[in-house]
Amino acid sequence: MRRAHRVMPSPLVEVVIATHRPDRPVERAVASVLDGTTATRALVVAHQLDPAALATRLAAFGSRAQVLPCPDRTASPAAPLNVGLAAATAPWVTCLGSDDYCEPGSGPAWAAYLARRPVDALILPLWSAHTGRTDIPPVRPGRRRDLHVVRDRLFYRTSPAFLVRRALLATHGIAMTDGLATGEDLAYSAHVFACAQRVDLAPPTFPRYRQTADGPAPVTARRFSLPQLLAPAIHLRQAAWVTELEVEVRAALAVRVVRKTLLPALAAAPAARATELAAAQAELAAWERWAPRLGWALSRSEADLWAAARQAREAAQVQVAARRWRAAARWAAVVPTRPAGWWGRAAAWRYAWARRPGRGQRWAGDAR
Numbered sequence: 001m002r003r004a005h006r007v008m009p010s011p012l013v014e015v016v017i018a019t020h021r022p023d024r025p026v027e028r029a030v031a032s033v034l035d036g037t038t039a040t041r042a043l044v045v046a047h048q049l050d051p052a053a054l055a056t057r058l059a060a061f062g063s064r065a066q067v068l069p070c071p072d073r074t075a076s077p078a079a080p081l082n083v084g085l086a087a088a089t090a091p092w093v094t095c096l097g098s099d100d101y102c103e104p105g106s107g108p109a110w111a112a113y114l115a116r117r118p119v120d121a122l123i124l125p126l127w128s129a130h131t132g133r134t135d136i137p138p139v140r141p142g143r144r145r146d147l148h149v150v151r152d153r154l155f156y157r158t159s160p161a162f163l164v165r166r167a168l169l170a171t172h173g174i175a176m177t178d179g180l181a182t183g184e185d186l187a188y189s190a191h192v193f194a195c196a197q198r199v200d201l202a203p204p205t206f207p208r209y210r211q212t213a214d215g216p217a218p219v220t221a222r223r224f225s226l227p228q229l230l231a232p233a234i235h236l237r238q239a240a241w242v243t244e245l246e247v248e249v250r251a252a253l254a255v256r257v258v259r260k261t262l263l264p265a266l267a268a269a270p271a272a273r274a275t276e277l278a279a280a281q282a283e284l285a286a287w288e289r290w291a292p293r294l295g296w297a298l299s300r301s302e303a304d305l306w307a308a309a310r311q312a313r314e315a316a317q318v319q320v321a322a323r324r325w326r327a328a329a330r331w332a333a334v335v336p337t338r339p340a341g342w343w344g345r346a347a348a349w350r351y352a353w354a355r356r357p358g359r360g361q362r363w364a365g366d367a368r
């Protein structure tokens with residue numbers, strides 16, 4: 001008698017896991033998204049690795065862990081992530097670092113939530129080993145469903161730790177930015193939240209994405225030059241879809257890029273050459289033209305660094321201003337430069353207030 005073969009159901013969520021070195025604990029990452037459910041599948045992308053050797057390591061997971069080759073020679077994770085996203089066939093996709101993992105029950109929780117609310121994007125709680133805290137976007141207090149890209153500051157979630165409807169990516173041509181040394185997910189996440197109609201934040205009992213610090217230094221972990229740090233913002237500003245944003249959305253995106261990409265780049269980059277400083281100043285001027293009132297949202301310490309960088313004649317002057325920015329008093333980091341700045345949605349004090357500890361964002365399992 002012929003034995004009946006068990007037919008595995010089509011996955012609801014596919015998880016793209018790019019691995020760059022053979023010493024990565026990729027088995028842990030795969031197991032964390034497959035355990036307890038048949039609704040998930042892992043797409044493991046072998047970046048500059050032998051896919052056959054990786055497939056052997058993952059053989060115990062059967063067809064629920066597929067290995068894809070990616071011979072791209074760059075250190076950026078964009079290429080392997082795009083390989084996985086392009087190969088996905090499930091209704092929803094997400095990405096997971098090969099050093100990271102999802103807490104037990106993640107797959108079943110995803111499937112149950114999407115069955116109740118088939119949203120365009122579901123933001124996952126992201127726990128960081130470096131901070132010991134769970135990170136979520138600085139949304140309005142008490143808001144978890146039908147979030148608004150501006151009012152709930154969704155542009156501040158740049159990590160791709162969210163479930164996104166695959167059709168949304170395909171319809172709008174959303175992908176990681178190839179060719180960047182860092183920040184390949186800035187335009188990806190911003191484009192998702194700018195296009196998505198229904199965005200939810202996972203409930204506080206939801207299993208978390210855990211970003212670890214227990215592995216060797218990542219391939220992409222290195223110090224970047226000022227041009228490399230500015231490149232993600234330049235690419236984003238020049239993207240065709242950005243020009244179609246409503247004025248309110250464009251302003252919110254500009255403030256987020258200045259606050260979390262441009263200012264940290266100026267502060268973190270090693271001393272720039274004269275040509276690099278001139279190029280950086282041209283980029284800052286371009287953002288001012290793109291969103292003329294972005295300065296209204298900046299705090300006094302942010303505005304001080306911004307003005308110093310715009311006017312500096314040499315990189316040393318920027319570094320002096322960066323030290324002032326890092327050492328600024330708490331009030332200087334939130335008080336705006338003009339009275340109108342108190343009322344804007346993107347004001348520094350609103351951002352700081354929304355991110356303050358103990359405002360109801362605590363997740364089960366956070367350190368008390």
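Per full-length UniProt numbering, the sequence shown starts with residue 1, numbered consecutively.
For glycine and all other residues, C-beta sits at the position ideal for the given N, C-alpha and C.
The structure presented is a predicted model; accordingly, all values stated were derived computationally and were not measured.
Cα-Cα separation between threonine 94 and phenylalanine 193, rounded to whole angstroms = 14 Å
Quick one: what does DSSP say threonine 19 is sitting in, helix, strand or coil?
-> strand
Can you check DSSP and say which residues form a bridge with phenylalanine 162?
-> Ile123
Residues near proline 11 in its chain [Cβ-Cβ closer than 7 Å; skip 5 each side] = Ala39, Thr40, Arg41, Ala90
Check the DSSP bridge columns for serine 299 and list the partner residues they point to.
-> Pro336
Do the region 167 to 175 and the region 270 to 289 make contact, defined as three or more Cβ pairs closer than 8 Å?
-> no
Alpha-carbon to alpha-carbon, alanine 280 and alanine 286 | 10 Å
With a cut-off of 8 Å, do at least 3 Cβ pairs link the region 188 to 202 to the region 116 to 123?
-> yes
Among residues of its own chain, excluding the 5 on either side of valine 219, which ones have a beta-carbon nearer than 7 Å to its beta-carbon?
-> Unreliable placement is indicated for valine 219, whose pLDDT of 46 sits below 50; no coordinate value is reported for it.
Does DSSP classify proline 69 as helix, strand or coil?
-> strand
Would you kindly report the start and end of the unbroken alpha helix (DSSP H) that includes arginine 210?
-> Unbroken run through arginine 210 is the beta strand (DSSP E), 209 to 211; no alpha helix (DSSP H).
Alpha-carbon to alpha-carbon, alanine 18 and arginine 144 | 29 Å
Would DSSP call arginine 46 helix, strand or coil?
-> Going by the sequence as given, residue 46 is alanine instead of arginine. The answer is strand: DSSP assigns alanine 46 an E or B state.
The alpha helix (DSSP H) with tryptophan 92 in it runs from where to where?
-> That residue, tryptophan 92, is in no alpha helix (DSSP H); its beta strand (DSSP E) goes 92 to 97.
Taking the runs of the alpha helix (DSSP H) that are 4 residues or longer, which of them lie wholly in the region 224 to 284?
-> 226 to 238, 247 to 257, 263 to 268
May I have the straight-line CA-CA distance separating arginine 64 from leucine 168, to the nearest angstrom?
-> 24 Å
Cα-Cα separation, glutamate 276 to valine 255 | 23 Å
Could you give the distance in angstroms between the alpha-carbon of proline 77 and the alpha-carbon of proline 160?
-> 12 Å
Using DSSP bridges, identify the partner residues of aspartate 200.
-> Leu122
Have a look at Pro264, Ala60, Phe155 and flag the residue whose alpha-carbon is nearest the alpha-carbon of arginine 345.
-> Phe155
Spatial neighbours of proline 138 in its chain, beta-carbon cut-off 7 Å, leaving aside the 5 residues before and after = Arg153, Tyr156, Tyr351, Ala354, Arg355
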